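Protein chains in written order, with this note's numbering: chain A, 572 to 970; chain B, 51 to 618. This report concerns only the one structure given below.
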Amino acid sequence: MIRTTPFHERTSALNETQLWSHWSGHLAADRYQMSDKFEYFAVRNAAGIFDTSPLFKYRITGKDAEAFLSGVLARDIRACQPGNAQYTCWLDDRGFVIEDGVILRPGKDEFLLTSAEPNYAYFADRIGRFDVKIEDVSHELGTLAFQGPRSRSLLKQLVPQMEHIPYFGVAKGEIGGAGVTVSRTGYSGDLGYEIWIDTPDALHVWDTLWDSIEGQGVLPFGLAALYMLRIEAGLLLLEADFDSSRYAWNDAHRSTPLELGWAWMFRDLKTDDRAFIGRKALEKEIADKTSRWAMRGLVVDWRDYDRVYNDAGLIPPKDHAPVVEDWMLYDDDYERVGYATSFMYSPMLQRHIAIARVRPDFAKFGTKVNLEFTVDHHYEQVAAHVARLPLYSPERKTA
Amino acid sequence: MTMTAPKPTKSNKSGKNGNGAKSTRATSRADRTYDAIVVGGGHNGLVNGAYLAKAGLKVLVLERRHLVGGAAITEELRPGFWFTTFSYALSLLRPEIIHDLELTKHGFMPLLMSTTFAPGLDGDYLLFTQDHGQNQQEIARHSKHDADAYDQYSHDMEMVCQAIKPLLDMVPPDIFSDDPEEMIALANVGSRFKKMDKRVLHNAVRLLTGSAADFLDDYFDSELLKGYLSSSSIIGTKVGPRSQGSGLVLLYHSIGEHDGEFGAWAFHKKGNGGFTQVLARAAESFGAEIRLESPVDSVITKDGQATGVALQDGTEFYAPVVVSALDPRRTFLELVNPRELPDDLVENIERFRFQGTSSKVNFALDALPIYRDLDGSQFRGFTNIGPSMDYLERAFDDAKYGWYSQNPYIDCAIQSTIDADMAPPGKHVLSCFIQYTPYKLRESDWDSEKENLGDTVQRTLERFFPGFGDLVLQREVRTPLDIERTVGLSEGNIFAGEFFAPQMFFFRPAPGWSQYRTPIDGYYQCGSGTHPGGCVMGAPGRLAAGQILKDRAKVGAPSSKTRVAARV
């Protein structure tokens, strides 16, 4: 029997389409309404609520928790002081990315790590002699992402403590009398928060939140809208833009954190004395400049795109629904110089955009590449230029 | 990229306090000299000014009112309630303009309308969503025949639109010229038609010259569906669905593209006023100066050459290029002395048909109206009060004989269901586009009939949504006379001149003057009265800018600014 999330009773009543995906063994709404783009715009223009409960969640506690995590996580967890959160990743000893996730640090010796895939064994087997406890609390917590320009002003009415938390800050408070943790995190690239709720309180918190936002243009949103948001926001998706090195058959399916655009996580590597898994390989990659790829945004030249369709007598399709597959990128001599992995028509940018990886010599912003796709069942190439990720990043996200 | 909420009014150094004209009178002539002056800060004036500024010209846009936008404005008539006073939706805006003027950097935000609701007279309705299969089922409730007929119709329309669409983005060739360049351009247009599939070409001609009713009757049985579809054939025009010429209006309302969706109509954040604020920011970012509360009295000419403009208060601004974004009547008969123009042009403009026939009635609502057992989500888009072609044709009958429709066509949009910033929480704004309301009333006038029209509209809405009247917090009625007085559009015609074949393409606004130039050197036209016409398209503004820049390049005019034009 497929699992449902702690909010299912409410989300299923709201899901007019009855379209569901299976996400980590849970029912997750694809879209609540006939139009996913309408949900998308609610997030960009007001706010939206997304049930992110199917994520795996691990509580890591104990006096050695920080020391333990310093060794297994690649980004320096010591820089994440209590009351904050951090986007992090963990590597294998060859320096390839296993996974990424957000980790919350509600207290000095208390952490909450999320991941897309199960990672309990991976972490538990590496505790050794540390005084650390790791629990899989995936089912004990329900999580709601509350994202969009109105999220702060609406949520502060329920949880005043969250009003001034910075980007990736964490606050504790109550909603309808139930204790909750609020983090300023999310997967939309917008101003937004995630609310962490004990499962028994889930419906009560949902109802309190739902009642408080009535008439404010807030909509529940599903995976379809989320995937649009995350591509504009340049947020990578496992098994779409990269794969876990644990299960990859060869290195073509593995990526280093530098290849995924996460060099910024290691800005302070020189003064960081941790011995963490993958460090040596990472240092060697930096020193020898052996990264195979650079992670970049791609903005398609609209004139060129329209031209190939108009020449064929077709209406140029501009579909906001993301397509996740390999799209080849070439230079003008038809040599492959990279590949795009997530492609869509962006409402905020009014362009086709993609998340792509390009050869380092094509990584400079503005570099022209040619994106290949098919028109009338034959290959066509259109010009695109390499751009910085995220492609859409409103000031309010971090302000 | 930043997203700032559109401001209700455009503030700048001269317009903000309304006394800018006095202070500039003291400035030197050099300070009041520009490369180009655009008269009128409606969407086409702003587009034109932005393109010229982007090309490096020193541009001044003069707007009569306290805010830019012309007919595309959003106003807070009641605290927290924002009304799209006149123009209220987007579709035909040319995508090139979004890209060329980098509008996404300035807050361009197309908001999807996710439903279309068309209540019928018998208590039933059509409710379209973004789910194609569901729409087929919905149509089949009314006519099993029409379910796939609708797909066939949509496909046939799209093929015509795709074939015709490039005409919107080109300067019409001058068919009266012997210039080889013009003859080649004409041949190119001809070859476009020659390349068309027979069926597509025939459909195109049927639409361009015939009636929407004839076209739709070939496909459909359902009166409700035909009522809904033919509603797009009368907008802004004094035709009924059975009039020859309504096909052209239908075609225009199907040929747009919104947020990448072909033929889609939708909304901009904070309404069309939100959109023109984006345009103004874009124009200013390229260096254009926008002066509010600066009504232009006339264009100054010397030896058949435009040299500047005089404001109503006497202030003069100078430029070798003056562009009128006003309608053809004002452009040719008011801003300049018609005696400076050829007689045939003056005659053509004098008989150019305006005859505005549309009004707006806007409501502030205490809550969403109730329709039977529907939950209100059907209002997330247009609600079409046009339950059959007969209904629309009868509404037109009233107008034929000089009166407003007693059962009017109403295109409703509760924009606050799409953009929560338009109304306080739980409250709503309802924009109603009304037809027919002829500019000239038989033995009466709009000052006398204005509120009666409001009552007629409210009564009509009450018929479809019992209890509607109890929800009304405030009502605003804008007749064709108000449109003329407030916006300046002659006879309140929303397209700055009717959409009918003798006033389109080569002939818009007059034979021989469809290329944005005028008989006065340096004096240009860029309003919706030029090709391709009205709706918030921006194409006239853009195409006119292209002509101006081309002419300047020919004479090698230097730019007073040295900065390099921004990248396209």
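Where a beta carbon is used, it is the ideal one built from N, C-alpha and C, also for glycine. Treat the numbers as computed from the prediction; the structure is a model and nothing was measured.
Which residues DSSP lists as bridging residue i, in chain order
i	result
isoleucine 924 of chain A	A:Val870, A:Met915
tryptophan 44 of chain B	Outside the displayed range of chain B (51 to 618) lies residue 44 of chain B, so it cannot be described from this structure.
glutamine 718 of chain A	A:Gly619, A:Gly763
tyrosine 910 of chain A	A:Met899, A:Arg928
leucine 598 of chain A	A:His593
alanine 86 of chain B	B:Val109, B:Val371
tyrosine 658 of chain A	A:Val673
serine 686 of chain A	A:Phe627
valine 940 of chain A	A:Ala955
Through-space distance from residue j to residue i, alpha-carbon basis
i	j	result
glycine 324 of chain B	valine 946 of chain A	36 Å
alanine 360 of chain B	threonine 135 of chain B	29 Å
methionine 572 of chain A	arginine 697 of chain A	32 Å
serine 272 of chain B	glycine 452 of chain B	30 Å
asparagine 398 of chain B	glycine 106 of chain B	35 Å
histidine 710 of chain A	methionine 915 of chain A	33 Å
lysine 968 of chain A	arginine 430 of chain B	27 Å
threonine 74 of chain B	aspartate 607 of chain A	The predicted position of threonine 74 of chain B is uncertain, since its pLDDT is 48 and thus under 50; a value taken from the coordinates is nonetheless stated next. For threonine 74 of chain B and aspartate 607 of chain A, the distance between alpha carbons rounds to 52 Å.
threonine 575 of chain A	alanine 584 of chain A	13 Å
proline 223 of chain B	proline 582 of chain B	13 Å
tryptophan 820 of chain A	aspartate 877 of chain A	39 Å
arginine 191 of chain B	arginine 801 of chain A	39 Å
valine 708 of chain A	phenylalanine 627 of chain A	8 Å
aspartate 761 of chain A	serine 722 of chain A	10 Å
glutamate 670 of chain A	isoleucine 848 of chain A	13 Å
valine 953 of chain A	aspartate 875 of chain A	6 Å
phenylalanine 131 of chain B	alanine 473 of chain B	4 Å
cysteine 211 of chain B	tyrosine 758 of chain A	39 Å
serine 283 of chain B	leucine 143 of chain B	19 Å
Residues near residue i in its chain [Cβ-Cβ closer than 8 Å; skip 5 each side]
i	result
serine 972 of chain A	Any answer about residue 972 of chain A is impossible in this case: the structure gives chain A only from 572 up to 970.
isoleucine 648 of chain A	Glu637, Leu640, Ser641, Gln657, Thr659, Ile674, Arg676, Phe682
phenylalanine 612 of chain A	Pro918
alanine 934 of chain A	Ala865, Arg867, Val957
leucine 960 of chain A	Gly805, Gly832, Met866, Arg867, Gly868, Ile926
Neighbourhood of residue i by C-beta, 7 Å cutoff - its chain only, sequence neighbours within 5 removed
i	result
tryptophan 591 of chain A	Leu598, Ala599, Ala600, Asp601
tyrosine 278 of chain B	Ala168, Leu176, Asn434, Gly436
phenylalanine 694 of chain A	Tyr629, Val643, Ile705
proline 145 of chain B	Glu307
Contact check, residue i vs residue j, beta carbons under 9 Å
i	j	result
lysine 288 of chain B	aspartate 469 of chain B	no
valine 328 of chain B	histidine 156 of chain B	yes
glycine 90 of chain B	glycine 406 of chain B	no
threonine 842 of chain A	isoleucine 768 of chain A	no
alanine 213 of chain B	arginine 256 of chain B	no
leucine 780 of chain A	leucine 807 of chain A	no
alanine 560 of chain B	asparagine 98 of chain B	no
histidine 303 of chain B	leucine 140 of chain B	no
methionine 207 of chain B	glycine 313 of chain B	yes
serine 1007 of chain A	leucine 712 of chain A	Because chain A is modelled from 572 through 970, residue 1007 of chain A falls outside the range shown and cannot be assessed.
alanine 796 of chain A	phenylalanine 578 of chain A	no
arginine 592 of chain B	threonine 365 of chain B	no
glutamate 534 of chain B	serine 344 of chain B	no
Beta-carbon neighbours of residue i, restricted to chain E and to distances below 8 Å
i	result
glutamine 184 of chain B	No chain E appears in this structure, whose protein chains are A and B.
6 Å CB neighbourhood of residue i in its chain, flanking five on each side removed
i	result
threonine 326 of chain B	His93, Val118, Gly119, Ala122
arginine 525 of chain B	Phe413, Gly504
isoleucine 87 of chain B	Leu110, Val359, Phe367, Ala369, Val372
serine 455 of chain B	Ala445, Asp448, Tyr486
- Task: Could you please tell me which residues of the region 905 to 926 of chain A, in chain order, have their CB closer than 7 Å to any CB of chain B?
- Result: Close to chain B, meaning a Cβ-Cβ distance shorter than 7 Å, are the following residues of the region 905 to 926 of chain A: Tyr916, Pro918, Met919, Leu920, Gln921.
- With 7 Å as the C-beta to C-beta threshold (strictly closer), list the residues of the region 852 to 882 of chain A near chain B in chain order. Here the close residues are Trp873.
- Scan the region 733 to 753 of chain A for residues whose Cβ lies nearer than 9 Å to a Cβ of chain B and list them as they occur along the chain. From the region 733 to 753 of chain A, no residue has a Cβ closer than 9 Å to chain B.
- Pull out every residue of the region 186 to 208 of chain B whose Cβ sits closer than 7 Å to any Cβ of chain A, in chain order. Answer set for the region 186 to 208 of chain B: Glu208.
- Task: Can you give me, in chain order, the residues of the region 159 to 173 of chain B that have a beta carbon less than 7 Å from any beta carbon in chain A?
- Result: Listed by position, the residues of the region 159 to 173 of chain B near chain A (Cβ gap below 7 Å) are Met159, Pro160, Leu161, Leu162, Ser164.
- Message: Give me the subset of the region 412 to 445 of chain B whose CB atoms are less than 8 Å from a CB atom of chain A, sorted by chain position.
- Response: Interface annotation for the region 412 to 445 of chain B against chain A: Ser427, Arg430, criterion Cβ-Cβ distance under 8 Å.
- Query: Any residues in the region 788 to 811 of chain A with a beta carbon nearer than 9 Å to a beta carbon of chain B? Which ones, in chain order?
  - Reply: Within the region 788 to 811 of chain A, contact with chain B at the beta-carbon level (separation under 9 Å) is assigned to Gly788, Val789.
- Task: Taking a Cβ distance cut-off of 8 Å, strictly less, list which residues of the region 608 to 623 of chain A are near chain B, in chain order.
- Result: Listed by position, the residues of the region 608 to 623 of chain A near chain B (Cβ gap below 8 Å) are Lys608, Phe609, Phe612, Arg615, Asn616, Ala617.
- Task: Residues of the region 465 to 485 of chain B with a CB closer than 7 Å to any CB of chain A: list them in chain order, please.
- Result: Residues of the region 465 to 485 of chain B that bring their beta carbon within less than 7 Å of a beta carbon in chain A comprise Asp469, Ala470, Pro475, Gly476, in sequence order.
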